[in-house]
Amino acid sequence: AQKITQTQPGMFVQEKEAVTLDCTYDTSDPSYGLFWYKQPSSGEMIFLIYQGSYDQQNATEGRYSLNFQKARKSANLVISASQLGDSAMYFCAMRATNFGNEKLTFGTGTRLTIIP
Amino acid sequence: EAQVTQNPRYLITVTGKKLTVTCSQNMNHEYMSWYRQDPGLGLRQIYYSMNVEVTDKGDVPEGYKVSRKEKRNFPLILESPSPNQTSLYFCASSALLVGDTQYFGPGTRLTVL
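Protein chains in written order, with the numbering used here: chain A, -14 to 101; chain B, 2 to 114.
Here it is in structure tokens:
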């Protein structure tokens, strides 16, 4: 069975500081993808970054980077130079194909609050 | 514009009154899925479809039905809604590869009294 664990229900970070949001996962599938989504207070789900299980390098997208440690089964999101607009819920998700069954599993999320 | 649309965006109904939430995508995606979001539980997958006439249960399918008669549409049906189905519902679509991003609709906030 697939599982995503986000152990930080909430975080408060000073503006302009870097922040790391933790995500660990569990799957028996050799091929999987890891995603991070942002959900602002308006409610929409915004895709941030993707890491494939076979990717050799950590993914980066602007101020977002994914610290992928395959052996530890962790996929932490790093936001550099945080901004007030980064205040939102953040979800880690994993997509894997398990014997033809396509599953996408989400963590419970981390609510990030940026303090001016 | 590539998008996933859901209707209605907000719905208040009463226990037992059948309802349908529509979902449509214009990206020719094979994969479509429904999720519900509840505080402290994140998003949980209800049903998904990998192509027309191919649907399968997610993690929380009880009390829901789906159909996929056309590639672009994937309606969610609640035959007899109950208060524990009060939630925020998202439809999403993507291509089939593991690395393909899911595109989400704007969400439907459902309240069952």
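Yeah, the Cβ is synthetic: ideal placement off N, Cα and C, and Gly gets one too. Just so you know, these numbers come straight off a predicted model, no measurement behind them.
Same chain, Cβ closer than 6 angstroms to residue i, five either side skipped, listed in chain order
i: Ile78/B; result: Thr21 and Lys66
i: Phe53/A; result: Gln36, Asn43 and Ala60
i: Thr13/B; result: The sequence given here places Ile at residue 13/B; Thr does not occur at that position. Only Thr112 meet the Cβ criterion.
i: Gln(-1)/A; result: Ile100
i: Tyr10/A; result: Ile(-11), Lys58 and Met79
i: Ser25/B; result: Thr6, Arg73 and Asn74
i: Ala3/B; result: Met28
i: Pro25/A; result: Ala73
i: Glu102/A; result: Because chain A spans -14 through 101 in this model, residue 102/A falls outside it and cannot be assessed.
Residues near residue i by beta carbon distance below 8 angstroms, same chain, minus five either side
i: Tyr39/A; result: Ser16
i: Pro9/B; result: Val22 and Thr109
i: Arg69/B; result: Met33, Ser50, Asn52, Val53, Glu54, Val55, Thr56 and Phe75
i: Lys19/B; result: Ile78, Leu79, Glu80, Ser81 and Pro82
i: Cys8/A; result: Ile(-11), Thr(-10), Gln(-9), Leu19, Trp21, Ser59, Ala60, Asn61, Leu62, Cys77 and Gly92
i: Pro84/B; result: Thr16, Val113 and Leu114
i: Lys55/A; result: Ser38
i: Pro62/B; result: Ile47 and Tyr48
Sequence-distant residues of the same chain with beta carbon closer than 7 angstroms to residue i, five excluded per side
i: Ala48/A; result: For the sequence presented, residue 48/A should be read as Arg rather than Ala. So the qualifying residues of the chain are Ile64, Ser65 and Ala66.
i: Ser72/A; result: Leu97, Thr98 and Ile99
i: His30/B; result: Ser94, Ser95 and Ala96
i: Asp60/B; result: Arg45 and Gln46
i: Lys58/B; result: Tyr48
i: Leu69/A; result: Glu0, Ile99 and Pro101
i: Phe(-3)/A; result: Thr98 and Ile100
Nearest-angstrom beta carbon gap, residue j and residue i [assumed within contact, 8 angstroms]
i: Leu44/B; j: Phe91/A; result: 4 angstroms
i: Met28/B; j: Tyr90/B; result: No, Met28/B and Tyr90/B are not in contact; Cβ-Cβ is about 20 angstroms, not under 8 angstroms.
i: Glu29/A; j: Pro107/B; result: 6 angstroms
i: Met51/B; j: Glu87/A; result: 6 angstroms
i: Leu51/A; j: Leu6/A; result: Between Leu6/A and Leu51/A the Cβ distance is about 10 angstroms, and since that is not below 8 angstroms, they are no contact.
i: Gln38/B; j: Ser88/B; result: 6 angstroms
i: Thr102/B; j: Phe32/A; result: 5 angstroms
Residue burial classification, residue i (beta-carbon count within 10 angstroms, cutoff 16)
i: Gly(-5)/A; result: exposed
i: Val15/B; result: exposed
i: Ile111/A; result: The structure shown does not extend to residue 111/A, since chain A is modelled only from -14 to 101, so the question has no answer here.
i: Ala81/A; result: buried
i: Thr12/A; result: buried
i: Gln86/B; result: buried
i: Leu89/A; result: buried
i: Tyr115/B; result: Given a span of 2 to 114 for chain B in the structure shown, any question on residue 115/B remains unanswerable.
i: Lys104/A; result: This structure gives no information on residue 104/A, because the portion of chain A shown stretches from -14 to 101.
Min CB distance residue i to chain D below 8 angstroms
i: Val61/B; result: Going by chain labels, chain D is absent from the structure shown, which instead holds the protein chains A and B.
*asked:* Within 8 angstroms, do at least three Cβ pairs link the segment -9 to -2 of chain A to the segment 86 to 98 of chain A?
replied: yes
_3-residue-minimum beta strand (DSSP E) runs that sit fully inside the segment 39 to 63 of chain B, ordered along the chain_ = 43 to 52 and 55 to 58
*Note down, one range per segment and in chain order, each alpha helix (DSSP H) of at least 4 residues found wholly within the segment 29 to 63 of chain A.*
none
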